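K.L.:
Residue numbers (this note's numbering), protein chains in the order written: chain A, 209 to 533; chain B, -8 to 309. The following block contains the structure, expressed as structure tokens.
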């Protein structure tokens, strides 16, 4: 039984102009020790699906799912009090902006000790020792001094380390990193990614990495799921995804990478991601897809089998090799 | 080799910071002694991490700020604050965030016409409008977009508008300050193609500022790598990527994730972070993080030579 099992998750937001479906029938499956990357452009629902699971969405959101279980526990009917017992302990999340996700009014030490006090019930001395140990684990130099520092006295990379230290404080079974390095410089990004994968290896926790950066995906993830306009369009192990993408969107996205360019002109994906009012009837990618025909425009495709990377497409690419094999 | 349109020599910009209640004052050395040449039809990329002075450099070249010392010339004429007004039309800028750089209360038409209104006051209104409509077409927007407001556009379209506005005065130089880093991957390639296309058609010189090396690799002809306000390595793109000489360039290249899961590479792990520009180390600025640092590096600052591919390092890679 997987650690995290989400099936057919949908999230609707009540907006002034009507219902808006941000996440549309997404499945997420993570086992202990997995590194799953969720990739997609802005508006693809990659963050919202994770926030929905953590119960961090505002009241305007309606969340429905066939299955949403974590470590055997059903997450759907939990009261906020029960949910808080799990969140921050067995399941933790790191956000994109380390500067704004820490409370500027309290020291880094106070904030990390808060988690230790609430979830582990340690006394003051144990908390202090554990906090120093955690800071050392995430590579913060002079941890004793840094515990007394306020977030504005630390750099972005250091703040992100504090966030990671807080997230792993209670040895979570699942760590969700939502664009953990987007706001950081590349040399710092490399440090943080190494830290995350190192911690994952040491502790054996599951890691979900939400990102839009294909380079980060290629270097860290084991399995990748690609989302587009709220739907999961493809899921494959990382090597196969980069080699034989089955969904035209994945293929086009990879082709648009400047480092894969063969000429001065890059291949592009025309148009933009559909919004609230121009959601197509059939396949959501059909208006931008170079292979789309009438069937794509009228009938929404169902996901293919696992041999085709669960691609949500009527005409998945690179299908021949599998058929003959 | 054509005549350079911009020649910058030893551009320096320091900011004096006043001491506050709890802090001492000091000097922020944002950019120090940076020289380069920019040729028409070519792209010069400036790369480096945040705080390395690349945006300050852009502000100096676009005459938003005055250099503390050093000079630069545009089209052979020396530029001083007194002559700024006559040169401003030659250098235009596109900013990073297309959501913040367009006035939400202006229609696209008037956004595009404004530079002409200010700089060519005697141009008839009809000509102005015609020119703005032509520009809209040039950057790949439709004529009906002329009367719309910025909020009706997506990020990529807004960046097109920002490019169109920058081109209204027919500049020779376009400064692109992280033009695609706020855009999604599928939109990024559209804007990069537009920039390539415009450069070919109009012979523009680009000063391309970016931290994304894969974009720089695609766009640039020459590259300046900056670290803490100083260029540490300068050279043609192919050489910088194939044979980086400065250890910082090498580390930067190795830290950039590559979208290829099979590429096994040895990543150089840099310890620590960029020192504060308020408090620049005495010797080489990179010395505290460098893995091949020697005593000489901490004491003396290496200078950038004038070879084809110079690196400011005492012990450059072969």
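Think of the CB as a built atom: it goes at the ideal place given N, C-alpha and C, for glycine as much as any other residue. Predicted, not measured: the structure shown is a model, and the values here were computed from it.
Residues of the segment 453 to 474 of chain A with a CB closer than 8 Å to any CB of chain B: list them in chain order, please.
P.N.:
Only those residues of the segment 453 to 474 of chain A whose C-beta falls short of 8 Å from the nearest C-beta of chain B are listed: 460, 461, 462, 464, 465, 466, 467, 468, 469, 472, 473, 474.
K.L.:
Among all the DSSP beta bridges, which residues are the ones paired with residue 212 of chain A?
P.N.:
A:238, A:278
K.L.:
Mind checking residue 281 of chain A: buried by the 16 CB within 10 Å criterion, or exposed?
P.N.:
exposed
K.L.:
Taking the continuous alpha helix (DSSP H) assigned at residue 53 of chain B, which residues delimit it?
P.N.:
Element bounds for residue 53 of chain B: n/a, residue is neither H nor E.
K.L.:
Give the residues of chain A in contact with residue 205 of chain B, contact being defined as C-beta atoms less than 8 Å apart.
P.N.:
423, 465, 466, 467
K.L.:
Would you decide whether residue 278 of chain A is buried or exposed? Buried here means 16 or more other CB atoms lie within 10 Å of its CB.
P.N.:
buried
K.L.:
Using a Cβ-Cβ cutoff of less than 7 Å, which residues in the same chain neighbour residue 317 of chain A once the five nearest sequence positions on both sides are dropped?
P.N.:
339, 355, 356
K.L.:
Tell me where the alpha helix (DSSP H) around residue 405 of chain A begins and ends.
P.N.:
394 to 411
K.L.:
Write down every uninterrupted run of the beta strand (DSSP E) in the segment 152 to 181 of chain B whose length is 3 residues or greater and which is fully enclosed by it, in chain order.
P.N.:
164 to 168
K.L.:
How many whole angstroms separate the CB atoms of residue 435 of chain A and residue 248 of chain A, which I take to be in contact at a CB cut-off of 8 Å?
P.N.:
Right, their Cβ atoms sit about 4 Å apart.
K.L.:
At 8 Å on the CB atoms, spell out the chain A contacts of residue 175 of chain B, in chain order.
P.N.:
249, 250, 420, 481
K.L.:
Starting from residue 3 of chain B, follow the beta strand (DSSP E) in both directions and report where the run begins and ends.
P.N.:
-3 to 8
K.L.:
What does the alpha-carbon distance come out to for the pair residue 284 of chain A and residue 222 of chain A?
P.N.:
19 Å
K.L.:
Closer than 7 Å: is that where the CB of residue 515 of chain A sits relative to any heavy atom of the ligand GDP?
P.N.:
What this structure holds is no ligand at all, so the ligand GDP is not there to describe.
K.L.:
Nearest-angstrom Cα distance between residue 254 of chain B and residue 404 of chain A?
P.N.:
20 Å
K.L.:
Does residue 87 of chain B come within less than 8 Å of chain A when only Cβ atoms are used?
P.N.:
no
K.L.:
Just mark residue 489 of chain A as buried or exposed, buried being the case when its beta carbon has 16 or more other beta carbons within 10 Å.
P.N.:
Per the 10 Å Cβ criterion, exposed.
K.L.:
Assuming contact is defined by CB atoms lying nearer than 8 Å, are residue 218 of chain B and residue 61 of chain B in contact in what I supplied?
P.N.:
no
K.L.:
Is residue 428 of chain A helix, strand or coil by DSSP?
P.N.:
helix
K.L.:
For residue 427 of chain A, return the contacting residues in chain B, with the cut-off set at a CB-CB distance below 8 Å.
P.N.:
248, 249, 252
K.L.:
In the DSSP assignment, what residue or residues form a beta bridge with residue 28 of chain B?
P.N.:
B:-2
K.L.:
Can you list, in chain order, the stretches of the beta strand (DSSP E) that have 3 or more residues and sit fully within the segment 266 to 323 of chain A?
P.N.:
Within the segment 266 to 323 of chain A, complete beta strand (DSSP E) segments of at least 3 residues are found at 269 to 272, 275 to 278, 299 to 302, given in chain order.
K.L.:
Please return the same chain residues whose Cβ sits closer than 6 Å to the Cβ of residue 269 of chain B, not counting the five positions on each side in sequence.
P.N.:
17, 19
K.L.:
Name the two residues that bound the continuous alpha helix (DSSP H) containing residue 218 of chain B.
P.N.:
Element bounds for residue 218 of chain B: not the alpha helix (DSSP H) but the beta strand (DSSP E), 213 to 218.
K.L.:
Spatial neighbours of residue 532 of chain A within its chain, please: C-beta separation below 6 Å, excluding the five flanking residues on both sides.
P.N.:
Note on residue 532 of chain A: pLDDT 42, under 50, position unreliable in the model; the coordinate value appears next. Here the set comprises nothing.
K.L.:
Given a threshold of 16 other Cβ atoms within 10 Å of its Cβ, counted over all protein chains shown, does residue 106 of chain B qualify as buried or as exposed?
P.N.:
buried
K.L.:
Residues of chain A with a CB under 7 Å from the CB of residue 261 of chain B: which are they?
P.N.:
395
K.L.:
Helix, strand or coil for residue 271 of chain B, going by three-state DSSP, please let me know.
P.N.:
coil
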